[in-house]
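These notes concern the structure reproduced below.
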Amino acid sequence: MFFFQIKLMEVIGEGTFSIVKRAIWHNPNGNKTDVAVKILRDVSESIMEDLQVEASHLLKLQHYNLVRLYGIVQQPAMMVFELCDGGELLSRLRDKKKPVPLVTTLLDYCVQLVKALTFLESKHYVHRDVAARNILLSKDEKVVKLCDFGLMRSLKENERTYVMHARNRVPFSWCPPEALRYRQFSHASDVWAFGVTAWEIFSYGEDPWIGCRAIDVYLMVLAIQEFYLH
Numbered sequence: 001m002f003f004f005q006i007k008l009m010e011v012i013g014e015g016t017f018s019i020v021k022r023a024i025w026h027n028p029n030g031n032k033t034d035v036a037v038k039i040l041r042d043v044s045e046s047i048m049e050d051l052q053v054e055a056s057h058l059l060k061l062q063h064y065n066l067v068r069l070y071g072i073v074q075q076p077a078m079m080v081f082e083l084c085d086g087g088e089l090l091s092r093l094r095d096k097k098k099p100v101p102l103v104t105t106l107l108d109y110c111v112q113l114v115k116a117l118t119f120l121e122s123k124h125y126v127h128r129d130v131a132a133r134n135i136l137l138s139k140d141e142k143v144v145k146l147c148d149f150g151l152m153r154s155l156k157e158n159e160r161t162y163v164m165h166a167r168n169r170v171p172f173s174w175c176p177p178e179a180l181r182y183r184q185f186s187h188a189s190d191v192w193a194f195g196v197t198a199w200e201i202f203s204y205g206e207d208p209w210i211g212c213r214a215i216d217v218y219l220m221v222l223a224i225q226e227f228y229l230h
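Each residue of the sequence shown is one higher than the last, beginning at 1 in full-length UniProt numbering.
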């Protein structure tokens, strides 16, 4: 994919490491496709290597409830994704100006998210960042799609866990005991994160462990584990 095929438009999202713009992709078959383009702020060699690895995985993962990656552009460093006009689920849940989604709708969102995670497990991938902020909505708000695969890791056929060696930050409030204590992630840790995400969804976007410091979350999660083990 080449930069000249992309016509950038307005900003639709922004984060610490990237900015997301709406764009039009003039694809090779002559059609125009509305897309979302993630433009990286850091273009160091290591970041570009991570980008290529992430893209190689995502291009293999095609599922109705996963945001699709169309391709990458190396100069400037960009990832070209399927556009989800409904925006972030978390923002929609907190939007007081729109009608409150029905509980049955929220349940359907959870079912769709389970389908996405089941698919990832079948392909031996651990997402590691399942949260309402990383779920996008279709324009008609009937379909949810899991996104943000920057922390995702693949497991070998004989592996059950991924051990995080680098001292990078993790989403504390969505992590199970083994991830907080031993930095171990698995399909089971994605299930734990799904549970927290379901709570976010049914609480209409409340923050989990609101008002708690990271150390408080750590101690309380370990206390919950000890309670159930005894």
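Ideal placement from N, C-alpha and C gives every residue a C-beta, glycine not left out.
Which full runs of the beta strand (DSSP E) of 3+ residues lie inside the stretch 50-92, going along the chain?
69-73 and 78-82
Measuring straight from C-alpha to C-alpha, what distance separates SER173 and ASN29?
44 angstroms
Beta carbon of VAL103 nearer than 9 angstroms to that of PHE202:
yes
Give every residue of the same chain whose Cβ lies closer than 7 angstroms to the Cβ of PHE17, excluding the five residues on either side of it in the sequence, and list them in chain order.
LEU40, ARG41 and ASP42
Sort ARG153, GLN52 and PHE4 by Cα distance to LEU69 and report the nearest one.
GLN52
If we call anything under 9 angstroms between Cβ atoms a contact, is MET152 one with VAL126?
yes
Nearest-angstrom Cα separation, counted from CYS147 out to LEU137:
10 angstroms
Give me the Cα-Cα distance between PRO171 and GLY86, rounded to the nearest whole angstrom.
24 angstroms
ALA36 and ALA131 look like a contact to me (Cβ under 8 angstroms); what is the Cβ gap, rounded to whole Å?
18 angstroms between Cβ atoms; not a contact.
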